[in-house]
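Residue numbers (the numbering used here): 1 to 371.
Written out below as structure tokens is the structure these notes cover.
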Amino acid sequence: MKKAVILLLMCAMLTGCETGAASDVSVQTTEQITVTAAETISIADEASAEATQKATEISAEETTKTTEVSETEKTESTPVAYYGEIITDGNKLVGKNTGETVRVTGMSFFWSNWSQKYYTADYVDYLVDDYNCEIVRCSYGVQDNGVPHDKSCEPLIEDVIEQAIERGVYVIVDWHSHGAHNNPDEAIAYFEQLAEKYGSYDNVIFEIYNEPTQVSWDTVKAYAEKVIPAIRKYSDNLVIVGSPTWSQDVLLAADNPVNGENIAYTLHFYAGTHKQWLRDNADKALEKGIPLFVTEWGSVNADGNGSIDRTSTEEWFEWMDKNNISSCNWAVNDKDEGSSIFKQDSILSETGKYIMELIRERTENAEWRGN
Ligand code: IDC
Numbered sequence: 001m002k003k004a005v006i007l008l009l010m011c012a013m014l015t016g017c018e019t020g021a022a023s024d025v026s027v028q029t030t031e032q033i034t035v036t037a038a039e040t041i042s043i044a045d046e047a048s049a050e051a052t053q054k055a056t057e058i059s060a061e062e063t064t065k066t067t068e069v070s071e072t073e074k075t076e077s078t079p080v081a082y083y084g085e086i087i088t089d090g091n092k093l094v095g096k097n098t099g100e101t102v103r104v105t106g107m108s109f110f111w112s113n114w115s116q117k118y119y120t121a122d123y124v125d126y127l128v129d130d131y132n133c134e135i136v137r138c139s140y141g142v143q144d145n146g147v148p149h150d151k152s153c154e155p156l157i158e159d160v161i162e163q164a165i166e167r168g169v170y171v172i173v174d175w176h177s178h179g180a181h182n183n184p185d186e187a188i189a190y191f192e193q194l195a196e197k198y199g200s201y202d203n204v205i206f207e208i209y210n211e212p213t214q215v216s217w218d219t220v221k222a223y224a225e226k227v228i229p230a231i232r233k234y235s236d237n238l239v240i241v242g243s244p245t246w247s248q249d250v251l252l253a254a255d256n257p258v259n260g261e262n263i264a265y266t267l268h269f270y271a272g273t274h275k276q277w278l279r280d281n282a283d284k285a286l287e288k289g290i291p292l293f294v295t296e297w298g299s300v301n302a303d304g305n306g307s308i309d310r311t312s313t314e315e316w317f318e319w320m321d322k323n324n325i326s327s328c329n330w331a332v333n334d335k336d337e338g339s340s341i342f343k344q345d346s347i348l349s350e351t352g353k354y355i356m357e358l359i360r361e362r363t364e365n366a367e368w369r370g371n
């Protein structure tokens with residue numbers, strides 16, 4: 001604590017201390033220090049003198065709306081320890097341990113071929129400790145011909161999976177492709193070995209096709225029915241399937257669901273572009289009995305850019321709150337575009353601050369924390 005107070009003083013002296021920077025040292029021992037009722041600074045405890053400028057700090061005006069959850073509470077339970085495996089139950093997703101509806105909220109990493117610097121255990125810690133994420137999503141960059149852009153991300157994805165397991169949060173591994181059906185064999189080979197290695201952990205969720213574009217549902221369904229059996233050799237964990245038109249045509253899936261067990265469907269929305277009509281579609285799909293999971297959403301336009309559409313984002317959150325829909329926001333990245341949560345390395349963008357607040361509002365009083 002003494003060291004933390006010194007760091008606090010140092011931090012107070014820094015004029016540029018308004019960023020939400022992720023520490024690139026381990027933040028597993030992070031302490032929460034209440035400065036005033038409205039101002040809380042989280043500072044990595046050990047080995048962090050030189051990392052002070054990088055220690056995560058939330059500015060006073062951001063934290064007036066949030067309630068910090070102490071480290072003690074965080075370590076007492078975790079989403080995965082509490083809920084267990086997420087499984088389907090009709091049109092709902094429930095915890096295997098609790099038998100009750102589960103709703104988890106978190107962040108998606110960016111295309112793994114373009115943003116490898118964020119695929120680290122430290123960023124998982126940052127997302128869990130500072131963003132209060134209950135889930136993270138790895139987006140394995142795959143080209144339209146269904147071949148991975150670059151396999152060098154595979155060990156990094158495993159680092160993220162292993163840290164998610166360590167921290168007790170869920171982790172989606174998404175085959176981030178717009179043309180996966182062109183080469184199911186690549187997906188089969190990847191997911192089969194992944195399921196063998198990690199499929200016994202309740203944390204792991206398999207998303208086998210990010211976003212089919214203009215292909216028929218029959219094509220996507222046939223692809224899913226090839227990939228899922230490879231996963232099922234080793235794991236009964238939740239599998240999430242995309243649908244045509246960038247995973248918006250969930251009604252097509254509802255009319256003719258994929259054969260198999262424990263399968264949910266992803267719904268993707270970008271608040272600046274997608275409005276009530278897409279929620280109406282989603283409502284109909286839910287009514288027809290399929291479970292939905294928003295594995296990717298943006299607060300901006302569908303091209304990933306533009307400014308935050310707060311009104312539309314709030315409408316979407318009202319809908320997700322009402323229907324207990326789990327979600328991951330796009331994206332953990334610092335590309336100069338509206339959807340990036342960082343503007344550079346680990347300095348939060350305006351979007352990053354906004355999304356952090358939204359996630360915290362959903363997760364700080366979650367059931368698994370003992371509420
Ligand atoms: C976008 C990135 C953008 C990149 C583009 C490449 O934000 O920087 O140039 O991919 O295709 C999705 C996709 C996701 C998109 C995102 C925004 O899943 O890959 O990322 N988006 O366009 N679906 C709807 C929107």
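The beta carbon of each residue, even a glycine, is placed where N, CA and C say it ideally should be.
* To do: For residue 368, count neighbouring Cβ atoms within 10 angstroms of its own Cβ and tell me buried if that reaches 16, exposed if not.
  => The sequence position of residue 368 within the sequence shown is 368, counting from 1. Buried, because 16 or more other Cβ atoms sit within 10 Å of the Cβ of residue 368.
* Asked: Which first and last residues belong to the alpha helix (DSSP H) in which residue 368 is found?
  -> To locate residue 368, count along the sequence shown from 1; it is residue 368. Looking at the DSSP string, residue 368 is not in any alpha helix (DSSP H), and its letter there is neither H nor E.
* Return the CA-CA distance between residue 364 and residue 266, expressed in angstroms with no decimal places. => Translated into positions along the sequence shown, residue 364 becomes position 364. Translated into positions along the sequence shown, residue 266 becomes position 266. Residue 364 and residue 266: Cα-Cα distance of roughly 24 Å.
* To the nearest whole angstrom, what separates the beta carbons of residue 80 and residue 202, a pair I think is in contact under 8 Å? -> As a first step, residue 80 must be located in the sequence shown, where it is residue number 80. As a first step, residue 202 must be located in the sequence shown, where it is residue number 202. At roughly 5 Å, the Cβ-Cβ gap stays under 8 Å, so residue 80 and residue 202 are in contact.
* To do: Would you mind sorting residue 163 into buried or exposed? The rule is 16 or more other CB atoms within 10 Å of its CB.
  => Taking the first residue of the sequence shown as position 1, residue 163 is located at position 163. Residue 163 should be labelled buried.
* Leaving out the 5 sequence neighbours to the left and right, which residues in its chain are closer than 6 Å to residue 212 when beta-carbon positions are compared? -> Translated into positions along the sequence shown, residue 212 becomes position 212. Result list for residue 212: 220, 242 and 244, in chain order.
* Which residue's Cα is closest to the Cα of residue 327: 334, 311 and 360? -> As a first step, residue 327 is located in the sequence shown; it is residue number 327 there, counting from the start. Among 334, 311 and 360, the Cα nearest to that of residue 327 belongs to 360.
* To do: Name the residue from 82, 131 and 199 whose alpha carbon lies nearest to the alpha carbon of residue 161.
  => For the purposes of this step, residue 161 is identified with residue 161 of the sequence shown, where counting begins at 1. Nearest option by C-alpha distance: 199.
* Asked: The beta strand (DSSP E) with residue 294 in it runs from where to where?
  -> Reading the sequence shown from its first residue, position 294 is the one you call residue 294. Element bounds for residue 294: 292–298.
* **Inter-residue spacing [alpha-carbon to alpha-carbon] between residue 274 and residue 344** => The residue given as residue 274 occupies position 274 in the sequence shown. The residue given as residue 344 occupies position 344 in the sequence shown. Cα to Cα, the separation comes out at about 28 Å.
* How close, in whole Å, do the beta carbons of residue 223 and residue 209 come, if the pair is a contact with beta carbons under 8 Å? -> Here the question's residue 223 lines up with position 223 in the sequence shown. Here the question's residue 209 lines up with position 209 in the sequence shown. The pair is a contact, with the Cβ atoms about 6 Å apart (cut-off 8 Å).
* Under 8 Å between the Cβ atoms of residue 309 and residue 271? -> Sequence index remark: in the sequence shown, residue 309 carries index 309 (1-based). Sequence index remark: in the sequence shown, residue 271 carries index 271 (1-based). Against a cut-off of 8 Å, the Cβ pair of residue 271 and residue 309 comes out as a contact.
* heavy atom of the ligand IDC below 7 Å from residue 304 C-beta -> On the sequence shown, residue 304 is found 304 positions in, with the first residue counted as 1. Result yes, Cβ under 7 Å from the ligand IDC.
* Where residue 128 falls: helix, strand or coil (DSSP) -> Taking the sequence shown and counting its residues from 1, one reaches residue 128 at position 128. Helix.
* Asked: Mapping DSSP to helix, strand and coil, what is residue 148?
  -> For this step, residue 148 is matched to residue 148 along the sequence shown. Note: residue 148 maps to strand in three-state DSSP.
* **Close-in-space but distant-in-sequence residues of the same chain around residue 119 (CB under 8 Å, 5 per side omitted)** => By one-based count along the sequence shown, residue 119 stands at place 119. Answer for residue 119: 109, 112, 138, 153, 156, 157, 159 and 160, listed in chain order.
* CA-to-CA distance, residue 135 to residue 251, given in whole angstroms -> Residue numbering aside, residue 251 sits at position 251 when the sequence shown is read from its first letter. Residue numbering aside, residue 135 sits at position 135 when the sequence shown is read from its first letter. One C-alpha to the other measures close to 26 Å.
* Backbone secondary structure at residue 103 - three-state DSSP -> Within the sequence shown, numbered from 1, the residue matching residue 103 stands at position 103. Of the three classes helix, strand and coil, the one that applies to residue 103 here is coil, per DSSP.
* **Identity of the residue in 282, 226 and 277 nearest residue 374 by Cα** => Since the displayed the chain opens at 1 and closes at 371, residue 374 lies outside it and no answer follows.
* **Spatially closest choice to residue 303 from 315, 330, 349 and 314, by CA coordinates** => As a position in the sequence shown, residue 303 is number 303, starting the count at 1. Among 315, 330, 349 and 314, the Cα nearest to that of residue 303 is on 330.
* **Residue of 346, 196 and 325 minimising C-alpha distance to residue 362** => Mapped onto the sequence shown, residue 362 falls at position 362. When only C-alpha atoms are compared, the closest one is 325.
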